[in-house]
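Q: Attaching a single structure in structure tokens format; questions to follow.
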């Protein structure tokens, strides 16, 4: 990866319409089962929302969004990198930025969830020091894997 071409932008709180459109485009491109209403509800109702976007040559190529889970834990909710920009270290850079921001905000733990079908995300979480703390099946019948990390 050529770091000079990657710029990271951090947005605290509800993003502007321009940034929101960039996030929605990335979200819909990364996840084939993206639900825009769910995305909008979550980003506009959670506390301490932080959105991070990676730009390559001024084009948005990846994102990560998290929010306050509880007093001590920051929840890394959703993120991803466009298919043609994977394996360039962008997801790792987004995760490191999010962890740094969570520490600055005096959170002591990061929490995230994934599913077995997202193998690269499972591997990234484990490589970044997360532990699996729970596995459960949600109301839609999806098996969820919960990860946590002390920061």
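Residue numbers (UniProt numbering): 1 to 151.
The C-beta atom is built at its ideal place from N, Cα and C for all residues, glycine as well.
1. Classify residue 104 as helix, strand or coil using the three-state DSSP reduction.
2. What does the alpha-carbon distance come out to for the pair residue 60 and residue 26?
3. Taking C-beta to C-beta, are residue 109 and residue 47 nearer than 9 Å?
4. So what's residue 1 in DSSP terms, helix, strand or just coil?
5. Use the C-beta contact count for residue 66: other C-beta atoms within 10 angstroms, 16 or more gives buried, fewer gives exposed.
6. Among the residues of its own chain, which have a CB less than 7 Å from the CB of residue 57, if the five just before and after it don't count?
A: Reading off the structure:
1. As a first step, residue 104 is located in the chain shown; it is residue number 104 there, counting from the start. Residue 104 falls in the helix class under three-state DSSP.
2. Numbered from its first residue, the chain shown carries residue 60 at position 60. Numbered from its first residue, the chain shown carries residue 26 at position 26. Taking the straight line joining both Cα atoms gives about 8 Å.
3. By one-based count along the chain shown, residue 109 stands at place 109. By one-based count along the chain shown, residue 47 stands at place 47. Cβ atoms of residue 109 and residue 47: not closer than 9 Å.
4. Counting from 1 along the chain shown, the entry for residue 1 is found at position 1. Here the model assigns residue 1 a pLDDT of 45, short of 50, so the residue's position is not dependable, and the following value carries that caveat. Coil.
5. Against the chain shown, residue 66 aligns to sequence position 66. Answer is buried; the Cβ neighbour count reaches 16.
6. Counted from its first residue, the chain shown places residue 57 at position 57. The answer, listed in chain order, is 5.
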